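Heads up, the thing below is written out as structure tokens.
Number of protein chains: 2
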Amino acid sequence: MNPTLEIFSQGEEIVTGQTVDTNAAWLSQQAVACGFTVTRHTAVGDKLDDLIILLLDISQRADCCICTGGLGPTSDDLTAEAVALAFNLPLEFDGIAFEQITRFFAHRNRTMPESNRKQAMLPQGAERIDNEWGTAPGFSLQYGRCWFVFLPGVPTEMKHLFQERILAKLSSRFLLKPDQLITIKTLGLGESVIQERIKTIEIPPEVQLGFRAGTDEVQTKLLFPYNYSKTAKTALVTRFAEQLGDHVFAIDGLGELTGDLVFEIDRLMTNRRLTLAVVETVSQGLLAAKCVGSEWLLSTIYEQSTARLGHDPVTEAGAENLMVTAKAIAADLQKSSGANYVLVQLCAGDNDALNNKDKSIVIYNTLLAEDSFHQATHSIAGPIKRKQNQAALMALDLLRRYLQQKAINY
Amino acid sequence: MNPTLEIFSQGEEIVTGQTVDTNAAWLSQQAVACGFTVTRHTAVGDKLDDLIILLLDISQRADCCICTGGLGPTSDDLTAEAVALAFNLPLEFDGIAFEQITRFFAHRNRTMPESNRKQAMLPQGAERIDNEWGTAPGFSLQYGRCWFVFLPGVPTEMKHLFQERILAKLSSRFLLKPDQLITIKTLGLGESVIQERIKTIEIPPEVQLGFRAGTDEVQTKLLFPYNYSKTAKTALVTRFAEQLGDHVFAIDGLGELTGDLVFEIDRLMTNRRLTLAVVETVSQGLLAAKCVGSEWLLSTIYEQSTARLGHDPVTEAGAENLMVTAKAIAADLQKSSGANYVLVQLCAGDNDALNNKDKSIVIYNTLLAEDSFHQATHSIAGPIKRKQNQAALMALDLLRRYLQQKAINY
């Protein structure tokens, strides 16, 4: 059993939603990577009673708690006071902390406001955490079952202190055995379809399976215990990859650095010094926009009416004709652009179908690579922005599949 | 006293930090705007016991709770089960929910996996919340002191359901006295510049001033008490608007529905039945992508080398020449596209400057409208994705200023 850890964020700006609590996510990632089981995040505002109750609750249920915020000089910064009251540890003046705060202002040629003196008051017996990046020192203390660490809420200060002062203490205070996380990234399969595909795979009870569906990829996650055999791990991941087939565009956690779909395409296109020209319809520039910074993308064209691409209006054509039209547009564009590869996205479905979230449209993607055409058809539903994003992804994925297949065949 | 509300997020991906909980911030903002006092955010993972304890705790201490996540089809989606156990409300099969889930798959020509059947099981007595954007219906129920609302964790679905199905119910269930929020939306002024500009304005102590800087706009927020006089409110907002000048593209909260920059442009272009053709450089398709669903956008072209637009490569030209080149490209495109307006974005700065976050690039935007040219120059710094986004916004803002100015002169 891993030791448990909770994240506690203090601040009115967080509970009112003015600030998104990115500290909590960052600290959790760090804690999980260290070998903790993170059990809970809690955020409360600047109310002394809420803070006291929460501190007492956490002291009984977690092995460790990282708290951020509420260490500032103003009257709504109540963390130290709440700790003093909750744990009956009166605030005491810390001379070294005060000297550091004074020096912080002196270095910046500013007079220290009287209110900052408050930041040198720490709960009795707490260990000070020096903060050279700001005025608020952190502190740590054990109460009940839990080791508490209090850090400032400013993300840069918080991250710096965590990495420089806390990480080493965590390893010495706790027996940590971090799990190994494998993330299989796919496109084109929903979470439930993935579950169907992998249901015949026997997953040892000590391996945790999870899913995460984002707008740009679906992640299948396998969490292996600390000492899991590498051979058994690789064997299980391989079985997953086989079941998910060429929907898998990257596997994270096996050593090689991976990224999103565009990252994978970028690597393959750049390695082989290839170039690409694109025609977009439904994605309306988003395909090109996703590739920002990629030198291999020479051009994109979006035309509301494909008649203006020098070919028949596609809305009047059938699926067969669309495929033929796409090939002709691709061949023309390869000649005129001089790009190695050309990607053409055509669409069947009128503007009404595009705008109506209850109607679906059909996307016809054509890749002209070397001297051969590769085509794929997809039905896309949902709100227009989802259709736009899926249209961009599906066209890019046709390119990715071709590039990865080619990489295997080399 | 406002009624209290808590946010409860369920998901291993949140407690482990794989996902930043933006849902909690968004929901809190909405709740505050409605007239609730948000007291706490809590996130827990996929552990039945944790969920049950938390649900019981919340049922005793809050008037309302919005819960997100854990409604999916997979075995780690435990919300409904936890509710059933915590509140002793056995799960019951909901035929209408099942029919909706079945239809969701049928519309997409996919077979419904057996696992999705689980999503039609709702706690006894719960009111179903139909979700036409995904497979998971939400539900609501009263237990103890608290009215619970359970929504899917996918942000688009969650937001849609909250706005379409929950907001109205909140107003009918609770006596809400929301503060009156005015949001002045600007582009092109940083937060500190705005503060300088407004510093001479006297703000009554009962009015709260706040700022929120997003990637696509900066919001200056004025929060007036529930019963604040309309005349005094309008007078103060007008003073702010005067100081911020034509950087203001919309003012929210005065009655008229407003949106983002594209929303404002869309209204003006559609009203006058105008059309637009675009040439993009740094924005690389993102300008067009932002306008998805707008019938007035006829085309966009992105070319890595402007030589291919039939004009001199812009990187070798000076600012003067760039302006001339842009006009020539705009005039050509107006002829060939038949669009009423043409927007041309050119850029001075090489690839190195674009990719280097410490270097800035200069964008030259040209609008050809009716028979006249309008030009604006902007220096943009930061990471490449910021440059891309700002380039798209600045070009669109040139169009917005022209359209709004014209609307005033009519």
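Protein chains in written order, with the working numbering: chain A, 1 to 410; chain B, 1001 to 1410. Using N, Cα and C, we set each Cβ at its ideal position, and we do this for glycine too. All values reported here derive from a predicted model rather than from experimental measurement.
Residue i to residue j, Cα distance in whole Å?
| i | j | result |
| --- | --- | --- |
| residue 1061 (chain B) | residue 347 (chain A) | 53 Å |
| residue 295 (chain A) | residue 394 (chain A) | 21 Å |
| residue 1364 (chain B) | residue 91 (chain A) | 59 Å |
| residue 408 (chain A) | residue 247 (chain A) | 15 Å |
| residue 165 (chain A) | residue 1038 (chain B) | 33 Å |
| residue 181 (chain A) | residue 354 (chain A) | 39 Å |
| residue 1368 (chain B) | residue 1332 (chain B) | 11 Å |
| residue 1172 (chain B) | residue 352 (chain A) | 35 Å |
| residue 210 (chain A) | residue 253 (chain A) | 15 Å |
| residue 1156 (chain B) | residue 1279 (chain B) | 31 Å |
| residue 356 (chain A) | residue 381 (chain A) | 9 Å |
| residue 391 (chain A) | residue 1250 (chain B) | 31 Å |
| residue 99 (chain A) | residue 122 (chain A) | 14 Å |
| residue 1275 (chain B) | residue 1337 (chain B) | 10 Å |
| residue 1372 (chain B) | residue 1215 (chain B) | 31 Å |
| residue 1170 (chain B) | residue 1149 (chain B) | 10 Å |
| residue 206 (chain A) | residue 31 (chain A) | 20 Å |
| residue 1051 (chain B) | residue 1035 (chain B) | 27 Å |
| residue 113 (chain A) | residue 1323 (chain B) | 52 Å |
| residue 147 (chain A) | residue 89 (chain A) | 15 Å |
Using a 10 Å radius around the Cβ and a threshold of 16 neighbouring Cβ atoms, would you call residue i buried or exposed?
| i | result |
| --- | --- |
| residue 257 (chain A) | exposed |
| residue 1040 (chain B) | buried |
| residue 1400 (chain B) | buried |
| residue 1370 (chain B) | exposed |
| residue 1016 (chain B) | buried |
| residue 1269 (chain B) | buried |
| residue 1226 (chain B) | exposed |
| residue 1101 (chain B) | buried |
| residue 1007 (chain B) | buried |
| residue 1191 (chain B) | exposed |
| residue 163 (chain A) | exposed |
| residue 1349 (chain B) | buried |
Check residue i in the structure and name its three-state DSSP category.
| i | result |
| --- | --- |
| residue 1207 (chain B) | coil |
| residue 138 (chain A) | strand |
| residue 252 (chain A) | strand |
| residue 227 (chain A) | coil |
| residue 133 (chain A) | coil |
| residue 75 (chain A) | coil |
| residue 1217 (chain B) | coil |
| residue 1032 (chain B) | helix |
| residue 1016 (chain B) | coil |
With a threshold of 7 Å on Cβ separation, who are the neighbours of residue i within its own chain once the five nearest residues in sequence on each side are excluded?
| i | result |
| --- | --- |
| residue 379 (chain A) | 360 and 362 |
| residue 285 (chain A) | 300 and 302 |
| residue 239 (chain A) | 201 |
| residue 1291 (chain B) | 1262 and 1297 |
| residue 388 (chain A) | 282, 283, 284 and 286 |
| residue 260 (chain A) | 216 and 217 |
Assuming contact is defined by CB atoms lying nearer than 9 Å, are residue i and residue j in contact in what I supplied?
| i | j | result |
| --- | --- | --- |
| residue 57 (chain A) | residue 3 (chain A) | no |
| residue 83 (chain A) | residue 175 (chain A) | no |
| residue 1009 (chain B) | residue 1043 (chain B) | yes |
| residue 1027 (chain B) | residue 1066 (chain B) | yes |
| residue 131 (chain A) | residue 161 (chain A) | yes |
| residue 1375 (chain B) | residue 1282 (chain B) | no |
| residue 1080 (chain B) | residue 1070 (chain B) | yes |
| residue 1330 (chain B) | residue 1342 (chain B) | yes |
| residue 1033 (chain B) | residue 20 (chain A) | no |
| residue 293 (chain A) | residue 1384 (chain B) | yes |
| residue 1217 (chain B) | residue 1404 (chain B) | no |
| residue 77 (chain A) | residue 47 (chain A) | no |
| residue 1106 (chain B) | residue 1128 (chain B) | no |
| residue 1319 (chain B) | residue 1366 (chain B) | no |
In chain order, what residues of the same chain lie with their CB nearer than 6 Å to the CB of residue i, ignoring the 5 residues before and after it?
| i | result |
| --- | --- |
| residue 126 (chain A) | 139 and 141 |
| residue 45 (chain A) | 12 and 15 |
| residue 1397 (chain B) | 1187 |
| residue 1223 (chain B) | 1179, 1181 and 1208 |
Quick one: what's got a C-beta closer than 8 Å to residue i's C-beta in the same chain, skipping five residues either side?
| i | result |
| --- | --- |
| residue 1152 (chain B) | 1068, 1069, 1071, 1072, 1131, 1134, 1136, 1138, 1158 and 1161 |
| residue 1244 (chain B) | 1184, 1186, 1189, 1194, 1197, 1198 and 1220 |
| residue 229 (chain A) | none |
For the ligand MN, I want to know if residue i counts as a neighbour, meaning its beta carbon is within less than 8 Å of at least one of the ligand's heavy atoms.
| i | result |
| --- | --- |
| residue 1003 (chain B) | As for the ligand MN, it is missing from this structure, which has no ligand bound. |
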